[in-house]
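See structure below.
Residue numbers (the UniProt record's numbering): 1 to 291.
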């Protein structure tokens with residue numbers, strides 16, 4: 001069944017304009033057949049997905065294979081190899097977490113806090129979409145990204161390199177260069193926050209085709225978030241901010257964890273995107289931090 005993927009537009013690659021590519025020409029009848037197959041499989045945006053698959057295919061056989069994979073339930077982004085996110089075309093390899101539209105709110109909040117030249121760290125970065133989008137929105141940032149999943153890091157390196165960033169493979173802060181300690185102005189983390197017992201209720205596209213490490217947040221969904229928060233103050237600069245995407249229900253617990261580790265939290269949300277972000281501020285030297 002289809003349904004996880006948001007309606008996608010043609011975005012441009014991070015750091016450079018969209019590249020022209022040759023696409024397959026199909027008859028109106030073939031186009032209608034593709035749309036019918038996708039719609040029958042439950043794809044809400046069948047017409048849009050048909051256009052994307054046709055534009056990505058090089059031969060009729062390619063198109064048939066891609067449509068069959070989509071009908072079988074593979075994420076559209078894994079099939080075409082990219083996702084539209086914050087107006088960018090983000091490379092997304094098979095088996096890598098697909099950036100969600102709600103996470104654009106995390107980018108908006110981070111970009112509003114970052115200044116030109118800021119040091120930005122994208123933790124649990126997946127494809128590197130969040131960091132790449134912040135870099136596209138704010139001039140001259142120093143971008144670092146890290147993830148524990150090797151496939152995600154390979155993907156992230158392609159996305160963040162386009163905007164001058166670096167990606168590291170390892171568990172949370174472990175792979176980061178020591179020189180980053182105490183220098184990070186904006187730390188963003190789209191850490192997994194689905195409780196373990198709820199994984200089975202996720203759409204098949206997510207639970208069957210995305211890495212469990214990017215979805216499973218432990219018994220209460222907060223296990224990885226707690227670890228991110230525990231280590232944040234050692235890496236944040238005075239006055240730096242930690243931003244964590246979470247659910248509205250979990251946000252008070254995330255905020256409490258930040259308070260327990262010396263950060264001043266506030267919760268922000270966006271009804272349109274069904275998104276919640278907790279922002280924790282490290283007090284600047286010499287004065288208390290205001291909420």
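Cβ atoms here follow ideal geometry from the backbone N, Cα and C, with glycine treated the same way.
The beta carbon of residue 118 sits closer than 8 Å to those of 138, 141, 142, 185 and 186, all from its chain and outside the five residues before and after it, given in chain order.
Short of 7 Å from the beta carbon of residue 251, and not among the five residues preceding or following it, lie these beta carbons of its own chain, in chain order: 267, 276 and 278.
For residue 119, the enclosing beta strand (DSSP E) begins and ends at 119-123.
Measuring C-alpha to C-alpha distances from residue 200 to each of 212, 190, 191 and 189 identifies 212 as the nearest.
Under the rule that a run must span 3 or more residues, the beta strand (DSSP E) segments found entirely inside the stretch 129-216 read 142-147, 166-169 and 184-189.
Taking the Cβ atoms as the reference, residue 103 lies roughly 16 Å from residue 205, outside the contact range of under 8 Å. Boundaries cannot be given for residue 75, as no alpha helix (DSSP H) includes it and DSSP labels it neither H nor E. Taken in chain order, the whole beta strand (DSSP E) runs of length 3 or more contained in the stretch 237-291 are 264-270 and 275-281. About 5 Å separates the beta carbon of residue 124 from that of residue 189, a gap short enough to meet the 8 Å contact definition. Distance check between residue 64 and each of 45, 33, 84 and 48 places 33 closest, using alpha-carbon atoms only. Judged by beta-carbon spacing, residue 214 lies beyond the 7 Å limit of residue 85, meaning their Cβ atoms are not closer than that value.
Exposed is the label assigned to residue 177, since fewer than 16 other Cβ atoms lie within 10 Å of its Cβ. Per DSSP, reduced to three states, the secondary structure at residue 89 is strand.
In this structure, the straight-line span from the alpha carbon of residue 240 to that of residue 196 is close to 31 Å. By the neighbour-count criterion, in which 16 or more other beta carbons inside 10 Å mark a residue as buried, residue 131 falls on the buried side. DSSP, reduced to helix, strand and coil, places residue 111 within a helical segment of the structure shown.
Cα atoms of residue 148 and residue 167: separation of roughly 11 Å, rounded to the nearest angstrom.
For residue 94, the secondary structure class from DSSP, reduced to helix, strand or coil, is coil.
DSSP, reduced to helix, strand and coil, places residue 223 within a helical segment of the structure shown. Distances from the alpha-carbon of residue 234 to those of 180, 243 and 247 put 180 closest. Partner residues in a beta bridge of residue 234, as assigned by DSSP, do not exist.
Under the 10 Å beta carbon count, residue 115 is surrounded by fewer than 16 other beta carbons and is classified as exposed. As the crow flies, the alpha-carbon of residue 91 is around 25 Å from that of residue 174. Between residue 99 and residue 129, the gap from beta carbon to beta carbon is short of 7 Å.
Taking residue 207 as reference, the option from 81, 95 and 249 with the minimal CA-CA separation is 95. Partner residues in the beta bridge of residue 83, as assigned by DSSP, are 90.
Within the model, the alpha-carbon separation for residue 172 versus residue 27 is close to 49 Å.
Rounded to whole angstroms, the gap between the alpha carbons of residue 25 and residue 51 is 11 Å. Distance from the Cα of residue 231 is smallest, within the candidate group 182, 193 and 203, for 182.
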